[in-house]
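**Q**
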DNA sequence: CCGAATTAATCCACGTTATGGACTTAATAT
DNA sequence: ATATTAAGTCCATAACGTGGATTAATTCGG
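Chains as they are written, first to last, in the working numbering: chain G, 533 to 924; chain W, 533 to 924.
1) With DSSP as the reference, label residue 909/G as helix, strand or coil.
2) Please list the terminal residues of the continuous alpha helix (DSSP H) segment that includes residue 572/G.
3) Taking all protein chains shown into account, do 16 or more other C-beta atoms lie within 10 angstroms of the C-beta of residue 651/W, making it buried, or fewer, making it exposed?
4) Counting only beta-carbon separations shorter than 7 Å, does residue 876/W have a partner in chain G?
5) Taking just the CA atoms, how far does residue 777/W sit from residue 808/G?
6) How would you call residue 806/W, buried or exposed, if buried means at least 16 neighbouring beta carbons within 10 angstroms?
7) So which residues of chain G does residue 881/W contact, with C-beta pairs closer than 7 Å?
8) Does the region 831 to 846 of chain W come within contact of the region 716 to 727 of chain W, defined as at least 3 CB pairs closer than 8 Å?
9) Give the residues of chain G in contact with residue 562/W, contact being defined as C-beta atoms less than 9 Å apart.
10) Please tell me whether residue 536/W has its Cβ less than 7 Å away from any Cβ of chain G.
11) Just to confirm the assignment, what range does the alpha helix (DSSP H) spanning residue 730/G have?
12) With 7 Å set as the bound, which would you pick, yes or no: does the beta-carbon of residue 743/W sit closer than that to a beta-carbon of chain G?
13) Name the residues in the region 838 to 850 of chain G whose C-beta lies less than 7 Å from a C-beta of chain W; which are they?
14) Assuming the contact rule is C-beta atoms closer than 8 Å, residue 611/G and residue 903/G should be a hit. Round their C-beta distance to whole Å, please.
15) Which residues of chain G have a Cβ atom closer than 7 Å to the Cβ of residue 542/W, listed in chain order?
16) Cβ of residue 567/W less than 7 Å from any chain G Cβ?
17) Between residue 885/G and residue 734/G, what straight-line distance do the alpha-carbon atoms span, to the nearest angstrom?
18) What separation, rounded to the nearest whole angstrom, lies between the Cα atoms of residue 537/G and residue 795/G?
19) To the nearest angstrom, how far is it from the Cα of residue 917/W to the Cα of residue 585/W?
20) Is there a C-beta anywhere in chain G that falls below 7 Å from the one on residue 807/W?
21) How is residue 807/W classed by DSSP in three states: helix, strand or coil?
22) Could you give the first and the last residue of the continuous beta strand (DSSP E) run that contains residue 703/W?
23) Nearest chain W C-beta to residue 661/G closer than 7 Å, yes or no?
24) Give me the Cα-Cα distance between residue 815/G and residue 700/W, rounded to the nearest whole angstrom.
25) Tell me which residue opens and which closes the beta strand (DSSP E) that residue 632/W is part of.
26) When burial is assigned at 16 or more other CB atoms within 10 Å of the CB, is residue 600/G buried or exposed?
27) If the cut is a Cβ gap below 8 Å, which residues of chain G does residue 884/W touch?
28) Quick one: using the 10 Å Cβ neighbour count with 16 as the cut-off for buried, is residue 888/G buried or exposed?
29) Within 10 Å of its beta-carbon, does residue 908/W have 16 or more other beta-carbons around it, so buried, or fewer, so exposed?
30) If you reduce the DSSP assignment to three classes, tell me which class residue 577/W lands in.
31) Buried or exposed for residue 732/G, going by 16 or more other Cβ atoms inside 10 Å?
32) Taking the alpha-carbon positions, what's the residue 774/W to residue 644/G distance?
33) Looking at C-alpha atoms only, which residue of 606/W, 597/W, 626/W and 556/W is the closest neighbour of residue 896/W?
34) Answer with yes or no whether the minimum CB distance from residue 736/W to chain G is below 7 Å.
35) Is it the case that the Cβ atoms of residue 748/W and residue 763/W are separated by a distance below 7 Å?
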């Protein structure tokens, strides 16, 4: 239910509105902010003053909006004080990054670890080291870490990972294993948000994360759609052929059995081992470029299967556009065309526009960036909460 | 973007919060309202006074919350003043209803019209008559009609019906053909909302409307999910078998080809004609009850296909529960079991709870009721807007 | 080169809204 | 009958945004 407002919550919201507008409209004068938000110049001035005091905003030169008259002093987000830590646990690596309020990446580090063989405790201890390194570097730059988010490959329910089949984790309460207050979210969700904030994607899109599994994150009106229990977006298990090959999810003919990384490599005649040998995808790319028929055929079929699953997804969720990320990003050239063809054949009669298929520009970094970005966006939405911590 | 708040909008929101709580928590004292909303008793008292003045709330007897002390005077929604008109255009009938602020149905009328053979203008002129009758009756009861919504079978984009294949309508701007300010929305969407508000469904569910076509409306946290362009929920065209029979949507093997009303009747050996002969479903019910093997087999197959499509829907949208409405309501007994079996087999490994399948308790009335309910819920969310019109 | 016009930002008195403690009212318990 | 408890109202106060006046910094026209 919507919460009742009091004077302080009104102020908090308005502060968020003003800061959000500063973020959106770049360097902008107080007068223009007043115009856009509908608040008076007086109110905006006071708020901008507070935001400057708390180190979230700085003045930067002058702007001339009209032709005549006194020019305004522009204000913009300051990246010098508030920052966020994004962490990612994936099947074969860990990564961390620190992002400032302007969404500039200030620190970034990664480490190859096989988390399938390591225990959750071991993995988390590696992650702790990586996080500490990133935090130290950030503090050396004078940054204050407002919060941390961890991306994990699997459905998350309030910090608890009930089952992450690709990691082999069961009932792990991730934040408890880290010496840092942190929140946890699904890798596919955060990758979608990463694409939204760092990849200049539109306001409405479906981001497809092709990894060992295939996940998807739907963004509508700039907000992530999570479903009733936060488990939405499991594109990998959408039914492509009801009596197709058995899937580890218990179903048959799921998309993952046609376009998942393992299935794709196997169909291409590479790496029969589950999980794929290291270098599987680079090898596949090489053979595709060399024009070998079997890999080409494998991509064609995977693309068609993806097209079928996306057709169902479009009918059900009506995304604006579709962004292919993860391993589908390097494979875009070979996968997108058959997928697009399949979708167009099946959708064009009912809709006058079939969602466009585009490539992710972030690839594998999307989730880590999204994790940090989520914290930043929360601070911007409610700067009142953070003003004490951020101020010098 | 979220809007900046001023004193008046703060008051408007709080008034809505209080009224919403009155709706939700039935007869309730001012003190309890203050407790729940977090506002002070003073503020709540003033607001309740305003709401009583505008005829939206009445005092009703006393309530004793604790054991000792002065009992509170209960306030609850008043159904005596504010009401809403819901209209529905469907393939073979028109209907109208007037609902008051307490969601009690005050007037209800319907008319059988074959809208496939009638032109949009003819249909709308019939609807105008029906609406006028309902409005007159409501005014005779002293009710004030706060607004009108029209339910139509087909995707709607801001009042414009681009193409409603089941009606044979193209580019019809529905509100322009009615002598009444009204909004238009998709029948499947409004049926889902009707189920939410009138059928005591939970806060999260997917409502499946089995008519000639199969639509679905997803409700998450009490709000309808519409997708980027408002076209979400086309369950009927989710792919069940990629190389199945051709569908009028241009695809192949869509759910509608297995579980749509026409396909179902045909498979049961009834009514080869598209659209079904009148009495098709009652006849089918009779034969099912008689235990005829071919209709039973048809329902079994339709249920399995529905289960496959719902499996994809659950993976993508993660609904809490699933409500079967429209023709699936009377057929529930024969369709639900195979659908449930199929879903459980495919979903239970990945999720520890498979969404429950339940019957709609409203059947065909859901959309008309939802149309009226939408207006009521808007008034309750923002009573400030309506206080002048409603007040004595 | 200087005054008029124009726009930005700040200042200050004011109106609106919610607050919180005091007070009144109405019930139960002792 | 008196104390206790809780509901509802009253009133002075605080928080916040408003809007007009003022000051500041430009450009334009003569």
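A virtual CB, placed ideally from N, CA and C, is assigned to each residue, including glycine.
Source: prediction; values computed, not measured.
**A** Straight from the coordinates:
1) Residue 909/G: helix per DSSP, three-state reduction.
2) For residue 572/G, there is no enclosing alpha helix (DSSP H), as DSSP marks it with neither H nor E.
3) By the 10 Å Cβ count, residue 651/W comes out exposed.
4) No, residue 876/W lies away from the interface with chain G (no Cβ there is under 7 Å from its Cβ).
5) Confidence is the limiting factor: at residue 808/G the pLDDT is only 45, short of 50, which leaves the residue's position unreliable and the question unanswerable from this model.
6) Low local confidence applies: a pLDDT of 49 at residue 806/W is under 50, so the model's placement there is unreliable, and no value is given.
7) Close partners of residue 881/W in chain G (Cβ separation under 7 Å): 781 and 782.
8) Segments in contact, no.
9) Those within 9 Å of residue 562/W in chain G number zero; the least Cβ separation is about 14 Å.
10) Interface residue, yes.
11) Per DSSP, residue 730/G is one residue of the alpha helix (DSSP H) stretching across 719 to 730.
12) Closer than 7 Å: no.
13) Of all residues in the region 838 to 850 of chain G, those with a C-beta nearer than 7 Å to a C-beta of chain W are 840, 843, 844, 845, 847, 848, 849 and 850, reading in chain order.
14) Not confirmed; about 18 Å, so no contact.
15) Against chain G, the beta carbon of residue 542/W has neighbours under 7 Å at 537 and 542, listed in chain order.
16) Not an interface residue.
17) Using only the alpha carbons, I get a separation of about 16 Å.
18) In a straight line, the C-alpha of residue 537/G is about 53 Å away from that of residue 795/G.
19) Their backbone Cα atoms lie some 14 Å apart in a straight line.
20) Only weak support is given to the placement of residue 807/W: the predicted model assigns it a pLDDT of 47, under 50, and the value that follows is read from those uncertain coordinates. Not closer than 7 Å to any Cβ of chain G, the Cβ of residue 807/W fails to qualify, so no.
21) A caution first: residue 807/W carries a pLDDT of 47, below 50, which makes its placement in the model too unreliable to give a value.
22) Looking at the DSSP string, the run of the beta strand (DSSP E) that includes residue 703/W is 701 to 705.
23) Chain W contact via Cβ: absent.
24) Across the structure, residue 815/G and residue 700/W are spaced so that their CA atoms are roughly 53 Å apart.
25) According to the DSSP assignment, residue 632/W belongs to the beta strand (DSSP E) that extends over 625 to 632.
26) Residue 600/G counts as exposed, since fewer than 16 other beta carbons sit within 10 angstroms of its beta carbon.
27) 694, listed in chain order.
28) Around the CB of residue 888/G, fewer than 16 other CB atoms lie within 10 Å, so the residue is classed as exposed.
29) Residue environment analysis places residue 908/W among the buried positions, since at least 16 neighbouring C-beta atoms fall within 10 angstroms of its C-beta.
30) Helix, per DSSP.
31) Here residue 732/G is exposed. Its C-beta has fewer than 16 other C-beta atoms within 10 Å.
32) Put simply, the backbone Cα of residue 774/W is about 40 Å away from that of residue 644/G.
33) Of 606/W, 597/W, 626/W and 556/W, the residue nearest in Cα terms is 626/W.
34) Interface with chain G (7 Å Cβ-Cβ cutoff): residue 736/W is included.
35) Contact: no.
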